[in-house]
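Please read the structure below before turning to the comments.
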Amino acid sequence: MSWFLAIAIGAILAAGIFLTLSRSVLRVVIGISLIGSAVNLMLFASGRVGSGTPPIIDEGLQVLAGGVNPLPQALVLTAIVIGFALTCFSLVLALTLKQKTGASDTYELRDAEPPLGTDGKPTVLEDSQR
Amino acid sequence: MSAFLVASPVLVPLAVALLTTLLHTRPRLAANVSLLGGVALLACSLALLARVLADGVQRTAFGNWPAPFGIEFVVDPLSASMALITALMGVVCLVFQRSSADPAPESPTLHPLIHALLAGVGGAFVTGDLFNLYVWFEVMLLASLGLLALGMGRRHLDATLKYFVLNALGTLLFLAGIAAVYGLTGHLNYDALAQASSLVEPLRMLPAVALVCLAFLIKAGAFPLFAWLPSSYHTLPAPLLALFAALLTKVGVYAVLRMLGDVFVVTPDIAYQVLGWIAVATMITGVLGAAFHWDIRRILAFHIVSQIGYMLLGIALDSEAGTIGTIFYILHHIIVKANLFLIAAIIFSLTGSYDLRRIGGLWKTRPWLGVLFLIPALSLVGIPPLSGFWAKFIVVRESLAQGEFIWTAAALLVGFLTLYSMMKIWMQAFWAKHPDEQWTPPSDVRLGPAWLATIGLALITVVIGLMPQPLYSFAEQAVRAMGVSP
């Protein structure tokens with residue numbers, strides 16, 4: 619089970635990195651959320667997988683024998699919620715960028731850092747264009 | 456009462472964020488509540504620092520779950536001083552916002568986001584739990600994204616994207632590091648981790664620690680992953696720019712310091728060697744980037760990167776004196792850097808541009824502004840008797856004492872190049888003639904709050920410079936409260 623999970627994490631991570639290295643903004647955003655999923659699986663695996671017994675200590679006993687580790691599941695739940703918020707924000711950002719600039723190629727997005735002027739020096743950032 | 460004080464760096468700003476959200480229909484009242492909330496946070500942080508200095512480290516565990524199981528807030532002198540300076544920067548930013556020097560647009564989300572940012576930064580400083588630290592990093596990230604996109608111009612959105620990608624990857628790396636650390640030790644609480652990680656073989660622990668520290672180095676703006684910083688900061692309006700520049704990268708440095716100095720104390724020497732070279736590369740690339748630019752904001756943004764190098768160098772020296780140097784440096788740098796950005800905004804409002812090729816003539820018309828600029832500028836360079844001299848002196852002396860001559864030489868060289876950039880700003884903005892012959896400084900700008908904020912910060916710089924001993928003793932006490940390896 620651990621090996622299966624490790625291979626799955628590797629495959630999702632590879633797909634995420636491939637998409638993130640792309641020039642298209644939407645692919646980058648999806649890539650980051652895929653990397654997030656891989657990391658969530660990794661967090662889940664850190665509590666050891668195998669047992670499926672609920673983590674409930676039987677009456678009269680002091681220690682949990684053979685149950686799953688509940689802590690990583692709680693951590694993953696938190697990370698999923700936060701990751702969901704970030705993905706929503708980044709999708710809206712990609713959409714607004716497309717609407718405002720008409721560009722979804724990161725090479726064309728040069729508004730914050732305009733290309734150098736003809737004299738080889740940085741161009742002046744006009745603050746009226748804010 | 457003690458529990459409230461310990462949680463106040465998070466509770467107070469969150470409450471103010473909630474209040475200002477509810478008051479969104481009455482913007483004036485919301486702005487006043489926001490400023491009052493900032494002052495309340497400052498008062499709570501002062502009380503917290505006094506309590507920590509009088510009674511030692513303060514702890515609060517939440518939800519009646521005792522320490523290694525529940526989430527704990529642990530406030531030692533280092534955390535308390537960081538929380539205090541966060542509150543101070545919040546107040547300075549909110550005061551400056553009331554001037555007409557490049558203020559942030561008064562949108563209904565402005566004040567809630569500023570306070571959410573303060574809550575995230577404060578939480579990162581006081582928490583004693585690795586996963587909780589991740590949550591505060593995410594709060595910080597979301598609030599800063601909101602503030603970056605506030606202007607909604609093309610430039611702002613472009614900057615937000617660039618800031619988002621590397622920072623989101625950094626946060627995910629941190630989460631992966633948490634998974635590795637938890638898998639190896641079974642703990643997330645700092646104290647429990649310190650004990651459990653020393654039982655794991657150091658070389659097995661190293662990749663997990665390296666993953667966590669790499670994430671923090673991205674947040675700190677260290678070489679080679681600082682690209683998000685100089686490509687996004689300059690699009691921010693002045694008060695927010697000062698707040699970002701003062702706090703966000705320093706949270707990353709603080710986290711590296713906390714991890715290496717307090718939690719993973721048995722990290723092998725190779726990690727410190729690598730960190731030292733990263734620090735040197737950060738210093739040099741930052742200062743060279745600054746030398747290329749003509750926009751004051753972009754010059755200063757690159758100087759944040761270069762100064763981060765000095766703080767990391769202090770950590771890399773892995774000794775009591777080195778860590779004292781880092782703490783002294785962080786506290787001095789936050790004040791100086793925020794002040795430089797705020798003074799740049801005053802220059803902008805008087806001359807009409809941030810670009811050095813478009814401005815000048817301020818020495819004839821506003822000589823006192825020139826003097827005010829020189830205080831933080833020369834402190835950043837490290838000219839005695841200003842605060843930056845002592846910060847650099849502690850780090851450089853320790854680096855020499857350890858025989859790290861290349862690191863020392865790099866630190867001194869970068870000091871000279873910093874002087875070049877600061878003099879470039881001074882010569883162009885103050886000494887040179889304004890390119891427009893007809894130019895006179897506008898008289899209708901409201902600069903009272905801006906003067907109050909900048910002169911206040913400059914005074915702190917001068918006081919630290921003339922009397923470094925109290926701050927040095929405090930940094931010494933803060934290091935002794937941590938578990939720095941001998």
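Chains as they are written, first to last, in our numbering: chain U, 619 to 748; chain W, 456 to 941. The beta-carbon is built from N, C-alpha and C at its ideal position, and this holds for glycine as well. Keep in mind it's a predicted model, so treat the numbers as computed, not measured.
Spatial neighbours of residue 921/W in its own chain (CB-CB distance under 8 Å, excluding positions within 5 residues in sequence) are listed in chain order as 840.
The beta carbon of residue 817/W lies closer than 7 Å to those of 802, 805, 806, 824, 825, 884, 885 in the same chain, with the five residues before and after it left out. Inter-residue distance for residue 738/U and residue 745/W is about 15 Å (C-alpha atoms, whole angstroms). The beta carbons of residue 631/U and residue 653/U sit about 6 Å from each other, so the pair counts as a contact at 8 Å. Distance from the CA atom of residue 879/W to the CA atom of residue 758/W, rounded to whole angstroms, is 13 Å.
Residue 570/W does not reach chain U, its nearest Cβ partner there being about 18 Å away, counting only Cβ pairs nearer than 9 Å. Taken through DSSP and simplified to helix, strand or coil, residue 487/W comes out as helix.
Beta-bridge annotation (DSSP): residue 514/W is paired with 529/W. Taking C-alpha positions only, residue 778/W is separated from residue 649/W by approximately 18 Å.
Between residue 692/U and residue 643/U, the CB-CB gap reaches or exceeds 8 Å. Beyond the five residues adjoining it in sequence on each side, residue 931/W comes within less than 6 Å, by CB distance, of 779 in the same chain, given in chain order. Around the C-beta of residue 716/W, 16 or more other C-beta atoms lie within 10 Å, and the residue is accordingly described as buried. C-alpha of residue 729/U to C-alpha of residue 613/W: approximately 6 Å in a straight line.
Annotated three-state conformation of residue 899/W is coil, per DSSP.
Where residue 599/W is concerned, the enclosing alpha helix (DSSP H) starts and stops at 585–603. According to DSSP, residue 810/W shares a beta bridge with 750/W. Residues of chain W whose Cβ lies closer than 7 Å to the Cβ of residue 729/U are, in chain order, 609, 610, 613. Along the segment 666–700 of chain W, the positions whose C-beta sits under 8 Å from a C-beta of chain U are 686, 687, 689, 690, read in chain order.
Note on geometry: alpha-carbon atoms of residue 726/U and residue 714/U lie some 15 Å from one another. Take residue 699/W, set aside five residues on each side of it, and the residues of its chain with a beta-carbon closer than 7 Å to its own are 599, 688, 691, in chain order. Residue-level contact by beta carbon holds for residue 617/W and chain U, with a gap shorter than 8 Å. Excluding five sequence positions before and after residue 640/W, the CB atoms of its chain that fall closer than 7 Å to its own CB belong to 648, 651, 652, 655, given in chain order. Nearest C-alpha to residue 844/W among 814/W, 909/W, 894/W, 916/W: 916/W. In summary, the residues of the segment 799–833 of chain W whose CB is separated from some CB of chain U by less than 9 Å are 803, 807, 808, 809, 810, 812, 813, in the order they occur in the chain. Considering only 676/W, 889/W, 556/W, the residue with the shortest C-alpha distance to residue 812/W is 889/W. Sequence-distant Cβ neighbours of residue 578/W in its own chain, meaning closer than 6 Å and more than five residues away, are 465, 591. Taken through DSSP and simplified to helix, strand or coil, residue 554/W comes out as coil.
For residue 741/U, the three-state secondary structure derived from DSSP is coil.
For a Cβ distance threshold of 9 Å, residue set 600, 616, 619, 620, 623 of chain W lies close to residue 708/U, ordered along the chain.
A Cβ of chain U is located within less than 8 Å of the beta carbon of residue 633/W.
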